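Position one of the sequence shown corresponds to residue 1 (the numbering used here), numbered consecutively onward. One structure below.
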Amino acid sequence: VGSAVLKHASLIIDAPKKQFVFMPHNGQDITVGNSETGSASFIPSEAGDTLGVLKAVIRKGSIAYKKGIRTGDYLIEVNGISIKDICTYMLMERKDEEALFKFRSPKGIDKIVRLKRTN
């Protein structure tokens, strides 16, 4: 993912608070994260990307990482509901509840994992 994220949003790193703030340029919701909040974040995929609209950013060593999800995998479904945009994903947020996530790797391999929502 790297610097490509800056095409879509501003990324503010707040070292004293040990957190980051992801502010999309298109007015979508701001995401705040830190080492305590979850194991996955999502960024918009490139225009014309046919595999999915949200790409995962996975913290190495996190539960999602241990279950085989990697940075660059696409979020396809949550609890059987297709994710067509970030708004759908944000509306489905239920902190501290487990959900069934379906991801698709860049090679097109589907992965289904149960994860607890923490953000």
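Each residue gets a CB set at the ideal place from its N, CA and C atoms; glycine is no exception. All figures in this text were calculated on a predicted structure; none of them were measured in a lab.
Looking at the DSSP output, L51 shares a beta bridge with no other residue. The continuous beta strand (DSSP E) containing L115 extends over residues D110 to K116. Check the Cα spacing between V57 and each of K67, S41 and D49: the tightest is with S41. For A56, the secondary structure class from DSSP, reduced to helix, strand or coil, is strand. Contact between the region 106 to 115 and the region 79 to 92 is absent, with fewer than three C-beta pairs closer than 8 Å.
If you draw a straight line from the Cα of K67 to the Cα of I81, it is about 21 Å long. Between G52 and S45, the CB-CB gap stays under 7 Å.
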